[in-house]
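In full-length UniProt numbering, the protein residues as written are 1 to 375.
Below, the structure is given as structure tokens:
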């Protein structure tokens, strides 16, 4: 308990010093131009055929064609004050109906020679400093392919993949998504950048005061990444960790950790990434990716392999007695049609296994093509 109090005290002292530094460097900014918003974002439309075999539920027939969409509208803007500080805003609207999260990220930024501060609903430094192999197409290192491979009716659930090692190496402790938080990033020095985040609780889009007798509170996430070019050879590496310092009675404080490394030369890239969860119930486990890609101007191709393990499946009564595994591989290509417009294709295969009662092996093979537009 004393260690927790000292950690909180140190965190509050650091936050106070940063705030004080901003106040001391501030100056009247009547001449600064008022912030103006611009509209950006992306739109993705995918058409594909998938062949799904679920040995645990033969009543399903999920094989066939489908069309899937993913669109976001981003409202962004920045202004530079007379004292040199740059203040920005970023609000991201889901372009597809989503009753649970119609507004995705929503946060302010303050940046200057001291680095950058993000305040609001955004991913943590653990997530944003992470390095992983480049992918084209829909990508398998994010959980997106689950939508083509599983449904809520399959014998292995389609929930619990995003921001967890079973779905990819871009993770958050307790899968907290874009919980409201405060994040600081240092300037990049000799290729290194350090980031640290504080999240009062796991909630997003909520101003309710955290109750430290229930749920997870006082989350701390950090990450460091290195990016440098050595005579034409690009090296990128990262390491990150996150946890919650306090939890309700009978609940463990979850921990998350991730590492990544890529090497680039003349358009070629090879690399890998790793992530793990502990004290996270059914989501405990780890996963890793290996990948290679080649970018030759208008064209790009990538080959990625993902392996994941976790102690349970969503809804497991006793996650300690249930284990699930997955192996996924994807070959993908990209062709740039014009500024901000690309045609992309993914050919993939996944196998899921679980020793849960009633769950059988699931095999899914698919070919997916689509148009991605950024604006």
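Using N, Cα and C, we set each Cβ at its ideal position, and we do this for glycine too.
The beta-bridge partner set that DSSP reports for residue 179 is empty. Residue 306 places its beta carbon 8 angstroms or farther from that of residue 280. For residue 149, the enclosing alpha helix (DSSP H) starts and ends at 146-149.
Around the beta carbon of residue 48, 16 or more other beta carbons sit within 10 angstroms, so the residue counts as buried. Exposed is the label assigned to residue 229, since fewer than 16 other Cβ atoms lie within 10 Å of its Cβ. When C-beta atoms of the segment 165-174 are compared with those of the segment 264-283, three or more pairs fall below 8 angstroms, so the two segments count as touching. In the structure shown, residue 123 falls within a coil segment according to DSSP collapsed to helix, strand and coil. Going by C-alpha positions, residue 72 is about 6 angstroms away from residue 92.
Counting other Cβ atoms within 10 Å of its Cβ, residue 146 reaches 16 or more and is therefore classed as buried. Note on the segment 250-321: whole beta strand (DSSP E) runs with a minimum of 3 residues are 255-265, 268-278, 285-296 and 299-310, in chain order.
The Cβ-Cβ distance between residue 348 and residue 366 falls below 8 angstroms.
For residue 223, DSSP records a beta bridge to 195 and 240.
Going by C-alpha positions, residue 187 is about 6 angstroms away from residue 193.
In the DSSP assignment, the residues bridged to residue 39 are 75.
Counted as a single uninterrupted DSSP element, the beta strand (DSSP E) harbouring residue 329 occupies residues 324-338. By the CB criterion at 8 angstroms, residue 78 and residue 87 fall inside the cutoff. Put simply, the backbone Cα of residue 364 is about 43 angstroms away from that of residue 116.
Counting of Cβ neighbours within 10 angstroms places residue 39 among the exposed residues, the total staying below 16.
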